[in-house]
Each structure stands twice: as C-alpha cells, then as structure tokens.
Amino acid sequence: VWPVEVDLKTAYQEIGALMLKVGTEVLETVGLVGPNAPIRELGDKHVGRMLHYSTNSANPLWCGAHYDHGTFTALLPAVYLDEYGNQIPEPEEAGLFVRAPEATEFKKVVADDPEVMLFQVGEWGQLASNDTILATQHKVQKAEGHVERISMALFFNTSFDYVVESTSSLTQDARYGGGRTCKYADWHTASLNRYEVK
Numbered sequence: 063v064w065p066v067e068v069d070l071k072t073a074y075q076e077i078g079a080l081m082l083k084v085g086t087e088v089l090e091t092v093g094l095v096g097p098n099a100p101i102r103e104l105g106d107k108h109v110g111r112m113l114h115y116s117t118n119s120a121n122p123l124w125c126g127a128h129y130d131h132g133t134f135t136a137l138l139p140a141v142y143l144d145e146y147g148n149q150i151p152e153p154e155e156a157g158l159f160v161r162a163p164e165a166t167e168f169k170k171v172v173a174d175d176p177e178v179m180l181f182q183v184g185e186w187g188q189l190a191s192n193d194t195i196l197a198t199q200h201k202v203q204k205a206e207g208h209v210e211r212i213s214m215a216l217f218f219n220t221s222f223d224y225v226v227e228s229t230s231s232l233t234q235d236a237r238y239g240g241g242r243t244c245k246y247a248d249w250h251t252a253s254l255n256r257y258e259v260k
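Structure below.
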C-alpha cells in the first residue's frame, strides 16, 4: 500500500530502475554477468526495499553482521532524521560498516554524497564466481539518541531455476545441498529458512 499524501510510488520505481541499470552495468564491467561470464543473465525478480531503522531499541546495532544471500545489492546513501523529523548529517558512530575478507575489524563506509550509489556482492555472486569475487560482510551501526535512518536497497537475483556448479568455499555450507550443483531457488529458500525468526 502506497501513501496517499505523496507520490512515493513513482519516485521509488524510478530510482529502482536507475539502481537496476547502473548495478547491471557494474556487474557486466566486473565480469560477473554477461554472455561469457559466470552468470549469463540476471533474472527479472529483483527485490527493492525501503529500509527504516528506528530509535526504539537498546541494541547498538540496527542490523547485525551478515552477508546478503543473493547475487548483488545496490544501496543508496542513508538519510538520517532527528526526533523532529529534520534531516541531519550521518552521526560519526552510525552507518554502514563492512569487513574485508582477511580483516578482523569492520570499517565505516563514508557515503555522504547523495549522488553516489553503493554496491555489495552477495553469496550467490561468490558461488557463481568460484570465490573470484567475495561476498561483502556488513552491518549497520545504530546512532546514539533519537535518530532514525532511512535507506533503499535493491537486491539483484538470477532466475530461481539458475544452476551453478561451483568450487567456492560456500559449497561447504549446508544451504548448497551437498551436491555438485545448486539451484538458486534452493539456496534462496534455505537462506530464508536459516534466518527466519521462529
């Protein structure tokens, strides 16, 4: 259900289309998607999400450390609001933090320019590339006080019947199924089941 006070639907769909276009160009440029790439083509069932992180939690994290399970994620820089709904700069302690594969600590991603777009590789992208491109571990650190965070993510997927035969370290994960190949539908379902709150 879209709000009636403003036309959020049109803006959401337009920025989503731009994120899809630019993200696809990035995937082709890095050699993950294309006729001779590990993923020949993307599917048409991508997921766009408006992400709202509220102040109503004692947890120091808005989102704990994790990997996205899909192919690729496009992100817009976050908007921060104070308790009166006024936009404020990103607090120093808050925001998106990523950890490089060999690193022990997370580092803050500084994205204070609203004209930039951010990208993260998902686990399915790592599987398809046989660990040539590694998934991005990330978390969102909470701001102190009465501050809210709003962002948008577009999660790129292959078709659900897309099959990989991988030599990635992720083939040891139970979600891969123990065989030589794995279908994205199976990986996706197993990932959702793993993280479902019961």
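Counting with the working numbering, you get residues 63 to 260 for the letters of the sequence shown. Glycine residues also receive a C-beta, built at the ideal position from the N, C-alpha and C atoms.
Starting from the Cα of Q149, find the closest Cα among A140, G157, A156 and S191 and give me that residue. Stepping through the sequence shown from its first residue, residue 149 is reached at position 87. Of the candidates A140, G157, A156 and S191, the one whose C-alpha sits nearest the C-alpha of Q149 is A140.
Between the stretch 215 to 222 and the stretch 100 to 113, do at least 3 Cβ pairs fall closer than 8 Å? yes
Grab the span of the alpha helix (DSSP H) containing Q188 for me, first residue to last. What you label residue 188 is simply residue 126 of the sequence shown in a count that begins at 1. Per DSSP, Q188 belongs to the alpha helix (DSSP H) from E185 to A190.
Can you give me the Cβ contacts of A99 inside the same chain, cut-off strictly under 7 Å, excluding the 5 residues immediately before and after it? Mapped onto the sequence shown, residue 99 falls at position 37. Hits under 7 Å: G93.
Does the beta-carbon of A165 have 16 or more other beta-carbons within 10 angstroms, so that it is buried, or is it exposed? Stepping through the sequence shown from its first residue, residue 165 is reached at position 103. A165 comes out exposed.
Given a cut-off of 7 Å, decide if G184 and I195 are closer than it, judged by their beta-carbon atoms. Stepping through the sequence shown from its first residue, residue 195 is reached at position 133. Stepping through the sequence shown from its first residue, residue 184 is reached at position 122. Result no, Cβ atoms of I195 and G184 do not sit closer than 7 Å.
Residues near S191 in its chain [Cβ-Cβ closer than 7 Å; skip 5 each side]: As a first step, residue 191 is located in the sequence shown; it is residue number 129 there, counting from the start. Excluding positions up to five away in sequence, the list reads L94 and P100.
Let me check you understand the geometry: is the CB of G157 closer than 6 Å to at least one non-hydrogen atom of the ligand GTP? What this structure holds is no ligand at all, so the ligand GTP is not there to describe.
How would you write the range of the beta strand (DSSP E) that S213 sits in, first residue to last? Sequence index remark: in the sequence shown, residue 213 carries index 151 (1-based). Segment E210 to F218, the beta strand (DSSP E) holding S213.
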